[in-house]
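In this note's numbering, the protein residues as written are 6 to 160.
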């Protein structure tokens, strides 16, 4: 009897995980159809690393780190904001999660994946100042590119 209950519990958990993945990340199936070696885990991990790297570099005014991670248009807008001192030098990350994939788009030989992030940041190393933010960023790369890197093309 206990084994039956454990098996039912196991299958319910698997179904729940499958349903959550389906509702949040199902659009990534399109990427698998168009890109031979697409790996959603690698993409999602890379997107989180890119998000944190880009936010931290922006907040420090570090254009050198930003330039290879952004399209030319996004870099220009970030550069302009940095020049106007519209940066948050005092913020640090507390947590970062990918809420869902908003969209996957193919156009002009490029794939674009829109990712909704939820981050929590705090100011001046004070965890009492936690600020929750939602951002949707679009990463892109040429469909036939062997380069594993994606560029931020929209925020």
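Note that CB positions come from ideal geometry on N, CA and C, so glycine has one too.
Computed from a prediction, not measured in an experiment: that's the story for all the values here.
For residue 65, the secondary structure class from DSSP, reduced to helix, strand or coil, is helix. Cα atoms of residue 147 and residue 159: separation of roughly 15 Å, rounded to the nearest angstrom. Per DSSP, reduced to three states, the secondary structure at residue 54 is helical. In the DSSP secondary-structure assignment, residue 111 is bridged to 116. Contact between the segment 109-117 and the segment 131-141 is absent: fewer than 3 CB-CB pairs across the two stretches fall below 8 Å. Here the segment 113-125 does not lie against the segment 77-88, with fewer than 3 beta-carbon pairs under 8 Å apart. Secondary structure at residue 153: coil, using DSSP grouped into helix, strand and coil. With contacts defined by Cβ atoms closer than 8 Å, residue 96 and residue 125 do not form a contacting pair.
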